[in-house]
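Everything on this sheet refers to the single structure shown next.
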Amino acid sequence: MKKPDDVAEKLLGVPYESLDERTKKVARHIAGRKHIARNTAKEFDAKTTPGQRAADAVATFGGSWAFIIIFAVILVIWVGLNSFILMQYESDKIFDPYPYILLNLFLSMLAAIQAPIILMSQNRQAEKDRFNAEHDYEVNLKAELEIKLLHEKVDLLREGQWGELLAIQKEQLRLLGDLIERKTVAE
Numbered sequence: 752m753k754k755p756d757d758v759a760e761k762l763l764g765v766p767y768e769s770l771d772e773r774t775k776k777v778a779r780h781i782a783g784r785k786h787i788a789r790n791t792a793k794e795f796d797a798k799t800t801p802g803q804r805a806a807d808a809v810a811t812f813g814g815s816w817a818f819i820i821i822f823a824v825i826l827v828i829w830v831g832l833n834s835f836i837l838m839q840y841e842s843d844k845i846f847d848p849y850p851y852i853l854l855n856l857f858l859s860m861l862a863a864i865q866a867p868i869i870l871m872s873q874n875r876q877a878e879k880d881r882f883n884a885e886h887d888y889e890v891n892l893k894a895e896l897e898i899k900l901l902h903e904k905v906d907l908l909r910e911g912q913w914g915e916l917l918a919i920q921k922e923q924l925r926l927l928g929d930l931i932e933r934k935t936v937a938e
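Residue numbers (the working numbering): 752 to 938.
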């Protein structure tokens, strides 16, 4: 099988022109006897912009235990400074008294900035997952078609072997017949 047209006709039963791009690509790889599997992670990561890499880094850090622990320590220090330590000395020097309006403002700003960055990272991950799914489809389709080709080859070999077995059996029967004839003639 040399041409993608032959692959499409023989294995898929449809003309090459009627196939979608991914299936045409698979047919070309089968016809050319080339592998289709590749490292999609490297290929996808090569196309990332600095902004996308920064969004991924922020999302990775924002979803880690290190972030949660650091954030909890900062909140405890903030509340501790404003509630206990500074209240003992001078209440007019407290920079964010209870109910911590300044802290709420900082938390709101952090959430407002962090949420879209995490969404950008999730969108990129979804795009990467779609890219991987398309690649998996191509690899699976090629494997399925290659297995179909192997089945056809095995069937051809088996049919050939059956023919050879029948020819050998006919020859054996002929030789047995000759032996029986010689034996009967000799008697």
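Note that CB positions come from ideal geometry on N, CA and C, so glycine has one too.
Alpha carbon to alpha carbon, how far is residue i from residue j?
i, j, result
"D880", "P766", "30 Å"
"V830", "S859", "17 Å"
"L854", "I828", "11 Å"
"F822", "F857", "12 Å"
"E794", "E768", "28 Å"
"T800", "G911", "58 Å"
"I820", "T791", "34 Å"
"Q839", "F846", "14 Å"
"L901", "L762", "11 Å"
"R933", "G764", "56 Å"
"A862", "K754", "57 Å"
"L930", "L917", "20 Å"
"E878", "E885", "11 Å"
"A805", "V824", "24 Å"
"E922", "K785", "44 Å"
"R925", "A937", "18 Å"
"A817", "A866", "18 Å"
"E903", "D771", "25 Å"
"L927", "L908", "28 Å"
"I864", "A759", "51 Å"
"F835", "F882", "54 Å"
"H780", "G802", "35 Å"
Assuming residue i and residue j are in contact, meaning their beta carbons sit under 8 Å apart, how far apart are those beta carbons, in whole angstroms?
i, j, result
"G813", "I869", "6 Å"
"I757", "A782", "In the sequence under discussion, the amino acid at residue 757 is Asp, which differs from the Ile named in the question. Indeed, because the Cβ distance is near 7 Å, the residues count as touching under 8 Å."
"P848", "N833", "6 Å"
"Y888", "R773", "6 Å"
With DSSP collapsed to three states, give me the class of residue i.
i, result
"G914", "helix"
"H780", "helix"
"L770", "coil"
"G831", "helix"
"P755", "helix"
"I931", "helix"
"R881", "helix"
"A866", "helix"
"V765", "coil"
"T799", "coil"
"N790", "coil"
"E897", "helix"
"D807", "helix"
"Y851", "coil"
Out of the options, point me to the one whose CA is closest to residue i's CA.
i, options, result
"K893", "Q803, I787, H902", "I787"
"V890", "E878, P867, D929, K776", "K776"
"L896", "A778, D771, R773, K754", "A778"
"S872", "Y888, D929, V809", "V809"
"R875", "R784, D756, K785, T811", "T811"
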